[in-house]
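Below is one structure, written out as structure tokens; comments come after it.
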Amino acid sequence: MKALGIEGTAWNLSVGVVNENKVLSHISKPYQPNSGGIHPREASQHHADNIASVIDKAIKKAEIKPTEIDLISFSQGPGMGQCLRVVATAARTLSLSLDIPIVGVNHCIAHIEVGRWKTGCEDPVVLYVSGANSQVLGYRSNRYRVFGETLDIGIGNALDKFARKIDLNHPGGPKIEKLAEKGNKLIELPYIVKGMDFSFSGLITSAENQINKKPKQDISYSIQETAFAMLTEVTERALAHLSKNEILLCGGVANNKRLTNMLETMAENRDARLYKPKPEFLSDNGAMIAHTGLKMYKSGIKHTTNINIKPNYRPDTVEVRWR
Ligand code: ATP
Ligand code: FE2
């Protein structure tokens with residue numbers, strides 16, 4: 002079977018075509034804000050302007066005819082409502098005009114499934130760290146359960162927010178990483194872990210208060226050391242609690258080398274192993290939506306074209322029938 006998947010929950014409009022064995026094509030057209038963070042109206046306009054051509058390019062690159070596609074999958078949520086609507090409308094149009102089934106996919110679960118597919122790990126504790134999302138998940142009794150998550154903002158948005166304060170444009174995470182490499186003095190910032198949950202907004206406010214007092218590279222270094230230690234602690238506790246020995250790192254912030262190192266060290270100390278897909282499958286991408294939709298469909302999940310978008314779609318509300 003061949004599935005075409007459309008991703009567009011936030012900044013990246015991306016379309017992938019996959020079959021059961023491989024990614025046949027995978028085309029992205031990211032929205033880049035001129036200033037500030039992501040503006041939902043502008044992002045959705047960007048998606049609307051480009052979605053037809055990105056779909057067209059993905060089909061051509063896969064070297065197939067539109068009539069050879071067997072299934073349409075789309076990211077149903079979580080994400081920005083206006084962006085999700087553009088994606089859902091395009092997916093429905095394709096499904097109706099080609100007269101093929103449609104499946105709505107939970108974006109967080111798609112990150113997990115593409116990670117399992119591309120790294121070969123089987124039953125990991127997942128650390129999903131992106132702009133809007135920061136969660137520690139694991140599979141138990143037919144669901145991806147959320148064992149810990151942010152109580153306020155995602156770690157990526159936290160890094161982007163601090164970056165904007167020091168005049169670095171979006172996305173700020175990679176720029177903070179570069180600055181942090183030059184820092185070496187640890188400034189005390191709030192380390193907030195409550196039970197299995199964590200919080201970043203107090204940490205960022207406290208870091209912002211240091212801007213005119215301490216070198217930017219030391220503040221960046223301290224943000225990373227503190228925030229990533231919080232994430233590593235909760236991931237380690239989830240591993241112990243669930244008796245698992247695989248960790249899957251995914252989401253845009255997973256590109257960060259320091260976070261990867263910290264998790265690797267923790268994994269080594271516990272005889273566990275860290276898995277991380279290639280960068281193209283870490284950040285938001287259409288192939289992960291196509292792949293997950295295909296798994297869902299083959300497990301017997303069927304949707305109709307009047308399927309709704311879900312801006313606050315939680316992964317633990319989805320019954321996982323394909324594992
Ligand atoms: P989601 O819809 O899942 O929240 P997203 O729209 O935030 O996804 P992603 O590509 O998963 O998209 O993540 C983007 C985030 O990753 C941005 O906040 C960006 O600053 C951050 N990021 C990217 N590379 C790095 C890096 N090397 N270090 C730290 N953060 C990074
Ligand atoms: Fe994502």
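In short: position in the sequence shown from 1, add 1, done, that's the working numbering. For each residue, glycine too, the CB sits at the ideal point set by N, CA and C. Note that this is a predicted model, so its numbers are computed, not measured.
Check                                                                                                                  : Outcome
Any heavy atom of ligand 4 nearer than 6 angstroms to the CB - residues listed                                         : As far as ligands go, the structure on display features ligand 1 and ligand 2 and does not contain ligand 4.
Cβ-heavy atom distance, Leu-264 to ligand 1, below 6 angstroms                                                         : no
Check: Leu-204 C-beta below 6 angstroms from any heavy atom of ligand 1                                                : no
Where the alpha helix (DSSP H) through Ile-101 begins and ends                                                         : Careful: Ile-101 lies outside any alpha helix (DSSP H) and carries neither H nor E.
Neighbour-count burial assignment, Ser-26, 16 or more Cβ in a 10 Å radius                                              : buried
Continuous beta strand (DSSP E) assignments of at least 3 residues falling wholly in the segment 110-136               : 126-130
Validate contact between the segment 54-66 and the segment 35-45 using beta carbons, cut 8 angstroms, 3 pairs          : no
Paired residues, beta bridge with Asn-107 - DSSP                                                                       : Gly-78
CB of Thr-306 within 7 angstroms of CB of Ile-103, strictly                                                            : yes
Residues that DSSP places opposite Val-147 in a beta bridge                                                            : Leu-138
Sequence-distant residues of the same chain with beta carbon closer than 8 angstroms to Arg-86, five excluded per side : Ser-45 and Ile-310
Exposed unless 16 or more other CB atoms sit within 10 angstroms - verdict on Leu-264                                  : buried
Every unbroken alpha helix (DSSP H) within the segment 209-280, with a cutoff of 4 residues, ordered by chain          : 217-243 and 258-270
Span separating the alpha-carbon of Pro-125 from that of Gly-139                                                       : 6 angstroms
Glu-209 versus Pro-191: straight-line alpha-carbon distance, rounded                                                   : 12 angstroms
Sequence-distant residues of its chain with Cβ nearer than 8 angstroms to Val-106 (five each side left out)            : Gly-6, Ser-74, Phe-75, Ser-76, Gln-77, Ile-290, Thr-293, Gly-294 and Met-297
Residues that DSSP places opposite Lys-30 in a beta bridge                                                             : Leu-14
Anticipated Cβ contact below 8 angstroms, Arg-274 with Ala-268, distance rounded                                       : 6 angstroms
C-alpha distance - Ile-101 paired with Pro-316, whole-angstrom precision                                               : 25 angstroms
Coil, strand or helix - Asp-198 by DSSP                                                                                : strand
Near ligand 1: Asn-313 beta-carbon under 6 angstroms from a heavy atom                                                 : no
Status (buried if at least 16 other CB within 10 Å, exposed otherwise) for Lys-277                                     : buried
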